[in-house]
Structure formats: structure tokens, C-alpha cells
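Here's the structure we're looking at; comments come further down.
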Amino acid sequence: MLTILDEHTRECHVLRAERALRATNVLEWLGTAIQEHGAPEYLRSDNGPEFIAKEVQHWLASNHIKTIYIDPGSPWQNGFVESFHGRFRDKCLNREQLWTLTEARVVIEDFRCEYNQYRPHSKLGYLSPSRFVAQRAPSPTSVGLRPPFVGDGRTRTHDLLSIIDSD
Numbered sequence: 238m239l240t241i242l243d244e245h246t247r248e249c250h251v252l253r254a255e256r257a258l259r260a261t262n263v264l265e266w267l268g269t270a271i272q273e274h275g276a277p278e279y280l281r282s283d284n285g286p287e288f289i290a291k292e293v294q295h296w297l298a299s300n301h302i303k304t305i306y307i308d309p310g311s312p313w314q315n316g317f318v319e320s321f322h323g324r325f326r327d328k329c330l331n332r333e334q335l336w337t338l339t340e341a342r343v344v345i346e347d348f349r350c351e352y353n354q355y356r357p358h359s360k361l362g363y364l365s366p367s368r369f370v371a372q373r374a375p376s377p378t379s380v381g382l383r384p385p386f387v388g389d390g391r392t393r394t395h396d397l398l399s400i401i402d403s404d
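Using the working numbering, the letters of the sequence shown correspond one by one to residues 238 to 404.
Set out below in C-alpha cells:
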């Protein structure tokens with residue numbers, strides 16, 4: 238599983254099931270998330286080979302994104318993602334029996350959409366992540382639509398994005 242979360246807005250930008258993750262997969266999904274939501278100043282990740290690959294390091298440097306790595310065996314250094322994964326297991330994975338990769342992707346994407354659109358977060362004033370983002374927009378926008386100034390991929394909309402490969 239590849240998880241990309243915005244630690245400020247609590248939005249889950251990517252929650253993707255793959256048979257194996259490679260650096261090219263990480264770059265593809267990270268690039269898509271940045272194009273849609275803007276580039277973070279920092280990217281927090283574990284030390285998995287798909288995150289420390291030279292190709293990923295070069296891409297991050299060329300996009301002026303700094304890295305923060307979690308020490309091996311120190312999940313408390315990324316408590317927000319660990320909390321998200323716990324909820325994801327409880328509310329989705331433990332309730333489903335997934336037989337194919339396609340089925341897993343559909344069920345997991347449904348969970349991601351529900352998490353972003355409807356689940357209230359106490360740290361966001363009990364708003365869903367999409368409602369929180371919509372309130373921050375400079376002009377009225379529908380829930381779930383990004384503000385127009387965010388999508389250029391260069392604008393820094395938040396300070397920290399977490400990206401994790403969960404087991």
C-alpha cells in the first residue's frame with residue numbers, strides 16, 4: 238500500500254494497493270498528487286527502498302522538496318500516518334475480504350473518498366478534510382474541488398506531506 242497524506246489538511250491524496258512498490262510507482266503517484274494539490278515543502282517517509290532510491294532523491298531535489306526520514310523501528314515519529322493506518326485497518330481492511338487487486342483498489346478508493354469527504358476530524362474543528370480545504374479557499378468552491386491557486390504544482394500549499402508504504 239502506498240499512502241500519501243497531507244498532515245495539515247488531513248487529506249489522503251493517495252491510498253493505492255500494488256503487488257510491489259517501486260520508485261517509479263512512488264514518483265508517478267507523488268507527481269499526480271503534487272499536480273492536483275500543490276507541492277509540499279517537506280516529505281516525511283520511512284526508509285523503504287522505494288523512497289530512498291536515487292531516482293526519487295533526484296526528483297525530490299529537482300522539485301525543491303526536502304525530506305524527513307523516520308528512523309527504522311520508530312513509528313511514533315510519524316504518529317499521524319500510524320493513526321490513519323489503524324483507522325484504515327479497522328474501518329476497511331478488517332471488514333472486507335479482498336480477492337483481487339482490482340477489487341482491493343475499488344474498496345480502498347471508496348474508503349479514501351469517504352475519509353476525505355465525510356469523516357470529521359477533531360483537529361479540523363470536526364470538519365471533513367475536503368470541507369476544511371474548501372473553507373480555506375479564497376473564493377467559494379464546491380466541497381471536494383481544489384482552490385484554483387493550488388493545482389500548478391509549484392505553489393506550496395502546506396508544509397508537510399507524509400508518504401508511507403504500509404505492510
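For glycine and all other residues, C-beta sits at the position ideal for the given N, C-alpha and C.
Can you tell me whether residue i is helix, strand or coil according to DSSP?
| i | result |
| --- | --- |
| Leu242 | strand |
| Ile307 | coil |
| Leu258 | coil |
| Tyr279 | strand |
| Leu267 | helix |
| Leu335 | coil |
| His295 | helix |
| His358 | strand |
| Val343 | helix |
| Gly388 | Unreliable placement is indicated for Gly388, whose pLDDT of 42 sits below 50; no coordinate value is reported for it. |
Buried or exposed: residue i, going by 16 or more other Cβ atoms within 10 Å of its Cβ?
| i | result |
| --- | --- |
| Leu338 | exposed |
| Pro366 | buried |
| Tyr352 | buried |
| Arg326 | exposed |
| Thr261 | exposed |
| Val343 | exposed |
| Asn315 | buried |
| His274 | buried |
| Asp283 | buried |
| Ile241 | buried |
| Arg332 | exposed |
| Ile305 | exposed |
| Arg324 | exposed |
| Thr246 | buried |
Going by DSSP, name the residue or residues bridged to residue i.
| i | result |
| --- | --- |
| Cys329 | Partner(s): none; Cys329 has no beta bridge. |
| Ala290 | Note: Ala290 sits in no beta bridge, so no partner. |
| Cys189 | Residue numbering for the chain in the displayed model covers 238 to 404; residue 189 lies beyond these limits and cannot be assessed. |
| Arg253 | Leu239 |
My understanding is that residue i touches residue j, with C-beta atoms under 8 angstroms, so please give their C-beta distance in whole angstroms.
| i | j | result |
| --- | --- | --- |
| Arg349 | Cys249 | 5 angstroms |
| Ile307 | Arg281 | 7 angstroms |
| Leu239 | Trp266 | 6 angstroms |
| Val293 | Leu264 | 6 angstroms |
Taking 6 angstroms as the cut-off, does the CB of residue i come closer than this to any heavy atom belonging to the ligand NAP?
| i | result |
| --- | --- |
| Val318 | The ligand NAP is not part of this structure, which contains no ligands at all. |
Could you tell me whether the region 283-303 touches the region 257-275, using the rule of 3 or more Cβ pairs below 8 angstroms? Because the criterion of three Cβ pairs below 8 angstroms is met, the region 283-303 and the region 257-275 touch.
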